[in-house]
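Written below as structure tokens is the structure these notes are about.
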Amino acid sequence: MFGILARSLKTGVLTESDPFGTRAAFGFPVIDFSACTACGECAKVCPTGAILATDAAGVKTLTVSYAACIQCRECVVRCPEGAIAVSSEIEIAAYTRGQLARTVSFDVDPATGRSTLRGLEPEIGPGLAQSAARLRERIHGRLGRSLHVRQVDAGSCNGCELEIAATTNPIYDLERYGIHLVASPRHADLLLVTGPVTRNMEIALRRTYDAAPDPRVVVAVGACGCSGGLFGEGTYASVGGVDRVVPVDVYIPGCPPRPQAILNGLLIAMDRREARVPAPNR
Amino acid sequence: MTPIETVASALGVNSWAIRERAGELLLETQPAALSGLADRTAALGGRLMSLFATDERSDAGRFVVHHVWSLPAQHLFLRIAAPIDPEAAAFPSIAAAHPSANWFEREVMDFFGLVPLAHPNPARVAHHDDWPDGAWPLRKDFRGDAPVPRVGGEFHPFRPVTGEGVFQVPVGPVHAGVIEPGHFRFGVAGEPVLYLQVRLFYVHKGTEKRFERQSWRRGLFLAESVSGDTSVGHALAFAHAIERIAGTAVPPRASAVRVALLELERLYNHTADIGALATDVAFTVPASRAQALREGLVRLQDHVFGTRLLRGTVAVGGVKSDLPPAARDRLRDHLRVFEKAFDELITLLIDAGTFTDRVDGTGVLGTQAARDLGVVGIAARASGIDADFRRDHPSDAYDVVRFNVPVEPGGDVRARLMIRAREVEQSLRILDQAIDLVAATPEALATPVPDVLPPRASALGWTEGWRGPITHWIATDAQGRIDRVKITDPSFLNWPALVDAVPGNIIPDFPVINKSFNLSYSGNDR
Numbered sequence: 001m002f003g004i005l006a007r008s009l010k011t012g013v014l015t016e017s018d019p020f021g022t023r024a025a026f027g028f029p030v031i032d033f034s035a036c037t038a039c040g041e042c043a044k045v046c047p048t049g050a051i052l053a054t055d056a057a058g059v060k061t062l063t064v065s066y067a068a069c070i071q072c073r074e075c076v077v078r079c080p081e082g083a084i085a086v087s088s089e090i091e092i093a094a095y096t097r098g099q100l101a102r103t104v105s106f107d108v109d110p111a112t113g114r115s116t117l118r119g120l121e122p123e124i125g126p127g128l129a130q131s132a133a134r135l136r137e138r139i140h141g142r143l144g145r146s147l148h149v150r151q152v153d154a155g156s157c158n159g160c161e162l163e164i165a166a167t168t169n170p171i172y173d174l175e176r177y178g179i180h181l182v183a184s185p186r187h188a189d190l191l192l193v194t195g196p197v198t199r200n201m202e203i204a205l206r207r208t209y210d211a212a213p214d215p216r217v218v219v220a221v222g223a224c225g226c227s228g229g230l231f232g233e234g235t236y237a238s239v240g241g242v243d244r245v246v247p248v249d250v251y252i253p254g255c256p257p258r259p260q261a262i263l264n265g266l267l268i269a270m271d272r273r274e275a276r277v278p279a280p281n282r
Numbered sequence: 283m284t285p286i287e288t289v290a291s292a293l294g295v296n297s298w299a300i301r302e303r304a305g306e307l308l309l310e311t312q313p314a315a316l317s318g319l320a321d322r323t324a325a326l327g328g329r330l331m332s333l334f335a336t337d338e339r340s341d342a343g344r345f346v347v348h349h350v351w352s353l354p355a356q357h358l359f360l361r362i363a364a365p366i367d368p369e370a371a372a373f374p375s376i377a378a379a380h381p382s383a384n385w386f387e388r389e390v391m392d393f394f395g396l397v398p399l400a401h402p403n404p405a406r407v408a409h410h411d412d413w414p415d416g417a418w419p420l421r422k423d424f425r426g427d428a429p430v431p432r433v434g435g436e437f438h439p440f441r442p443v444t445g446e447g448v449f450q451v452p453v454g455p456v457h458a459g460v461i462e463p464g465h466f467r468f469g470v471a472g473e474p475v476l477y478l479q480v481r482l483f484y485v486h487k488g489t490e491k492r493f494e495r496q497s498w499r500r501g502l503f504l505a506e507s508v509s510g511d512t513s514v515g516h517a518l519a520f521a522h523a524i525e526r527i528a529g530t531a532v533p534p535r536a537s538a539v540r541v542a543l544l545e546l547e548r549l550y551n552h553t554a555d556i557g558a559l560a561t562d563v564a565f566t567v568p569a570s571r572a573q574a575l576r577e578g579l580v581r582l583q584d585h586v587f588g589t590r591l592l593r594g595t596v597a598v599g600g601v602k603s604d605l606p607p608a609a610r611d612r613l614r615d616h617l618r619v620f621e622k623a624f625d626e627l628i629t630l631l632i633d634a635g636t637f638t639d640r641v642d643g644t645g646v647l648g649t650q651a652a653r654d655l656g657v658v659g660i661a662a663r664a665s666g667i668d669a670d671f672r673r674d675h676p677s678d679a680y681d682v683v684r685f686n687v688p689v690e691p692g693g694d695v696r697a698r699l700m701i702r703a704r705e706v707e708q709s710l711r712i713l714d715q716a717i718d719l720v721a722a723t724p725e726a727l728a729t730p731v732p733d734v735l736p737p738r739a740s741a742l743g744w745t746e747g748w749r750g751p752i753t754h755w756i757a758t759d760a761q762g763r764i765d766r767v768k769i770t771d772p773s774f775l776n777w778p779a780l781v782d783a784v785p786g787n788i789i790p791d792f793p794v795i796n797k798s799f800n801l802s803y804s805g806n807d808r
């Protein structure tokens, strides 16, 4: 008994005072569009369609979506121009799938077939500030000091659960932010949902959502929760992203997102941190 | 006698009927012979590792049912394959005599529409009640890229309970903790559990279908996501199978790095599980310490490989990440400190009567039951079964590292805890040797593997993950793409054992029993 106490006192506090600002070796892809020739090789090797290429009537586009990115770096390896790198930023979250994606267009010279950069297409749908205001209005400041979270695995490989569980360890200690993981949706302000939502979990997820009292916030976690990821959307077994089944307020991309990224997303849902999505160009 | 002659004489077949390729024996036979061959293979010490079907109707006008056995004494795998007439669409079951075939055969029924004849319980295992009859996802004429309408009707009947004070407790699929979904139905008399029924496949993602017509490059990422806590294990089993198909030899350094990766995965999972066992009996001090130790390990992995959960480290043909000298020093330094802290953690647990009271004699899986059910991995070794692919079927550099395979006879929660503790000790020994091996090998990390694989080829890939043996059986189509991947996670072989270990215990002990097995839902359901 005294040994345990002595050891605990000697260990002291393990919790990091500020868990944020971590740089990761493999964040999300960023593309040097001045070197990019719009060849589309990156889109061909992307296992989840996080990079999509279109080619029509003199215009090529490239859409990069962090919602589906599993941070595999195939695009980095395959780019013939060496124009793709990975950022070290991982504390990324947004309010819509659209805010996690940007499209770049290129003019194609019909004579030579060469592509020249036209520019970044404007964002479609509400911006981050607008969405933040909308969420703030909907939850009426009822959350913020304390948040009860029910985690729902709606089809995950369990990777996201490992990192969600890590947020509760003594190093990250999410309870210091007033966030508690609760056992029942009836006690929850927020559902933290991983995906892809499977056919066999779709009804259970709907019922869990219905069981949570209003106003309830839904946070989708991971590439699969945000987009269906590797398992796709609308297959015989995978319905897809969480937003295919219940409305989603905050998206936390990554495969799996790191504990800091999950904490960041939860604090954004509580209106205690500002959402940031870096542009995919460098 | 050669190993093939030994096997042939034990099975009562001509030795020329058995072909060998890359550590795998193949015996093609007729369906009527399957049961007898299964009995004789088991008598030879064989353990059923996988059972699956392939749809070869377009090429050869047949389905094929495959039985994959581990022959530990011969250090070989035996695949017995029998053609199935698509008109009859039925195959003889071996489940009555070999219970580990039970779920496998029902899965073949659900995914291929082939009926296991004389199966003791031919009910659905993978499909839920609202899945229509006559839709079989792994048949080649089932495209799989569209939702299938739900059907109404009777709900799956659970075993009824009768008697005074006897009632049912339904739990899940959404559980109280941060864990995967599954449904448990307890029949209880007060607190003691009379029986447990388990309903899984809530996280069935159509993974095996998704591999079809893919290149191995994409397949590797799917393999890493079969079970998030076993990225290295599944990636290695997948890579081994593709490498055998392509005839690729992995560079010596990659073999050594792979051993280090697999043992690191074992370390961080075993440490987390030991902490979770403490959590489940509300012993918070060791639980916190184990969580901190586990976080230290995943941060070490992040530092050395740039990835916390070791995703993106294994390549088909080798590895993507090296262990340069600075990383080797960092690993050794960290593990030296870890070893001491881990010892303290175990002492803290087993010296506490409040803890041992809860784990001693709890959730017993007897040796005979474990043997009968074909239980594998840590659960088997904690029930007195001495089996480990790392020793019995070594791949990568496991044939040159020295280690022991710990076995505990108890079969209770304590035994499954102690197996983990003793395996951590062995993993540290193995890591030490693996780091030396890395230092002694040339720098090449991977052998290139062609994008297009040899057509109509197949191979088994295997490894001993932290939970137990993992196999991926892969076949290619006429274009050299992936045609079929059969993934067997050890959880699939071990879930039925949980049903055996829980009755007789009280409901409050279920979480700690369940955690002591820590079976994967995603790996089981795929």
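In the order they appear, the protein sequences are chains A and B.
In terms of the working numbering, the first sequence is residues 1 to 282.
In terms of the working numbering, the second sequence is residues 283 to 808.
Ideal Cβ placement from N, Cα and C applies to all residues, glycine included.
Just so you know, these numbers come straight off a predicted model, no measurement behind them.
Can you give me the Cβ contacts of Arg663 (chain B) inside the same chain, cut-off strictly under 6 Å, excluding the 5 residues immediately before and after it?
Cβ neighbours of Arg663 (chain B) beyond the five flanking positions: Val689 and Ile701.
The stretch 60-85 of chain A: which residues have C-beta closer than 9 Å to a C-beta of chain B, in chain order?
Residues Ile70, Gln71, Cys72, Arg73 and Glu74.
Say whether chain B places a C-beta atom closer than 7 Å to the C-beta of Ala212 (chain A).
It does not: the Cβ of Ala212 (chain A) has no partner Cβ on chain B nearer than 7 Å.
For Asn296 (chain B), count the other beta carbons within 10 Å of its own beta carbon; 16 or more makes it buried, fewer makes it exposed. Which is it?
Exposed, by the Cβ-count rule.
Take the Cβ of Met270 (chain A) as the centre, count every other Cβ of all protein chains shown within 10 Å, and call the residue buried at 16 or more, exposed below.
Buried: at least 16 other Cβ atoms inside 10 Å.
Below 8 Å, can you find three or more Cβ-Cβ pairs linking the stretch 340-353 of chain B to the stretch 317-331 of chain B?
Counting Cβ pairs under 8 Å, three or more are found: they touch.
For Trp777 (chain B), is the classification buried or exposed, using 16 other Cβ atoms within 10 angstroms of its Cβ as the cut-off for buried?
The residue is buried, with at least 16 neighbouring Cβ atoms inside 10 Å.
Ordered along the chain, which non-local residues of its own chain (more than five positions away) have a Cβ less than 8 Å from that of Asn787 (chain B)?
Excluding positions up to five away in sequence, the list reads Pro474, Val475, Thr644, Gly645 and Ile795.
Using 10 angstroms around the beta-carbon of Arg618 (chain B), count the other beta-carbons present and answer buried if the total reaches 16, otherwise exposed.
When all chains shown are included, Arg618 (chain B) counts as exposed.
Is DSSP giving Gln130 (chain A) helix, strand or coil here?
Gln130 (chain A): helix per DSSP, three-state reduction.
Between the stretch 225-240 of chain A and the stretch 188-196 of chain A, do at least 3 Cβ pairs fall closer than 8 Å?
Cβ pair count under 8 Å is three or more, so yes.
Please go through the same chain and pick out, in chain order, the residues whose beta-carbon is closer than 8 Å to the beta-carbon of Arg97 (chain A), but skip the five residues on each side of it.
Once the five neighbours on either side are set aside, the close Cβ partners of Arg97 (chain A) are Ser65, Ala67, Cys226, Ser227, Gly241, Asp243 and Tyr251.
Unbroken alpha helix (DSSP H) runs of length 4 or more, entirely within the stretch 357-395 of chain B: which are they?
Those alpha helix (DSSP H) runs which fall completely within the stretch 357-395 of chain B and span 4+ residues are 384-394.
Using a beta-carbon distance below 7 Å, is Met270 (chain A) in contact with chain B?
Chain B contact via Cβ: absent.
Short of 9 Å Cβ to Cβ, which residues in the stretch 128-162 of chain A face chain B?
From the stretch 128-162 of chain A, only Arg150, Gln151, Val152, Asp153, Ala154, Gly155, Ser156, Cys157, Asn158, Gly159, Cys160, Glu161 and Leu162 have a Cβ closer than 9 Å to chain B.
For Ile171 (chain A), decide whether its Cβ has a neighbour in chain B, counting only Cβ atoms nearer than 7 Å.
Yes, Ile171 (chain A) counts as interfacial toward chain B.
What are the residues of the stretch 95-112 of chain A that lie near chain B, defined by any Cβ-Cβ distance shorter than 9 Å?
Within the stretch 95-112 of chain A, no residue has a Cβ that lies closer than 9 Å to any Cβ of chain B.
Does Ser238 (chain A) get closer than 7 Å to chain B when you measure Cβ to Cβ?
Answer yes: the Cβ-Cβ gap between Ser238 (chain A) and chain B drops below 7 Å somewhere.
Does Pro247 (chain A) have its Cβ less than 7 Å from a Cβ in chain B?
Pro247 (chain A) does not count as touching chain B.
With DSSP run on the structure shown, which of helix, strand or coil describes Ser802 (chain B)?
Correct three-state label for Ser802 (chain B): coil.
Considering only the alpha carbon of each residue, which of B:Asp415, B:Val430, B:Gly600 and B:Ala538 lies closest to Gln715 (chain B)?
The option with the nearest alpha carbon to Gln715 (chain B) is B:Ala538.
In the DSSP assignment, what residue or residues form a beta bridge with Pro398 (chain B)?
DSSP lists B:Phe373 as partners of Pro398 (chain B).
When the cut-off is 7 Å and only beta carbons count, does Ser798 (chain B) lie next to chain A?
Closer than 7 Å: no.
With 7 Å as the threshold, decide whether the Cβ of Gly234 (chain A) is near any Cβ in chain B.
Yes, its Cβ sits closer than 7 Å to a Cβ of chain B.
Check whether the stretch 160-170 of chain A touches the stretch 132-139 of chain A, counting contact only when three or more Cβ pairs, one atom from each stretch, lie closer than 8 Å.
Cβ pair count under 8 Å is below three, so no.
Whole angstroms are fine: how far does the CA of Cys69 (chain A) sit from the CA of Val86 (chain A)?
Cα to Cα, the separation comes out at about 11 Å.
Please confirm whether His486 (chain B) has its beta-carbon closer than 7 Å to some beta-carbon of chain A.
With 7 Å as the cut-off, His486 (chain B) counts as an interface residue toward chain A.
Using a Cβ distance threshold of 8 Å, determine whether the stretch 721-729 of chain B contacts the stretch 526-542 of chain B, with at least three qualifying pairs required.
The stretch 721-729 of chain B vs the stretch 526-542 of chain B: in contact.
Go ahead and pull the three-state DSSP assignment for Phe2 (chain A).
DSSP places Phe2 (chain A) in helix when its eight states are reduced to three.
Skipping 5 residues on each side, what residues in its chain have a beta carbon closer than 8 Å to that of Glu16 (chain A)?
Excluding sequence neighbours, Glu16 (chain A) sits near Ile171 and Tyr172.
When the cut-off is 7 Å and only beta carbons count, does Thr194 (chain A) lie next to chain B?
For Thr194 (chain A), the answer is no, since every Cβ of chain B falls outside 7 Å of its Cβ.
By a C-beta neighbour count over all protein chains shown, 10 Å radius and 16 as the cutoff for buried, is Asn384 (chain B) buried or exposed?
It is buried - the Cβ of Asn384 (chain B) has at least 16 other Cβ atoms within 10 Å.
Using the beta-carbon of each residue, which ones in chain B are nearer than 7 Å to Ala165 (chain A)?
Neighbours of Ala165 (chain A) on chain B, chain order: Val460.
For Arg276 (chain A), count neighbouring Cβ atoms within 10 angstroms of its own Cβ and tell me buried if that reaches 16, exposed if not.
It counts as exposed.
Is the beta carbon of Leu502 (chain B) closer than 7 Å to that of Val598 (chain B)?
Yes, the Cβ-Cβ distance between Val598 (chain B) and Leu502 (chain B) is below 7 Å.
Provide the residue(s) that pair with Gly119 (chain A) in DSSP beta bridges, ordered along the chain.
Looking at the DSSP assignment, Gly119 (chain A) forms a beta bridge with A:Ser105.
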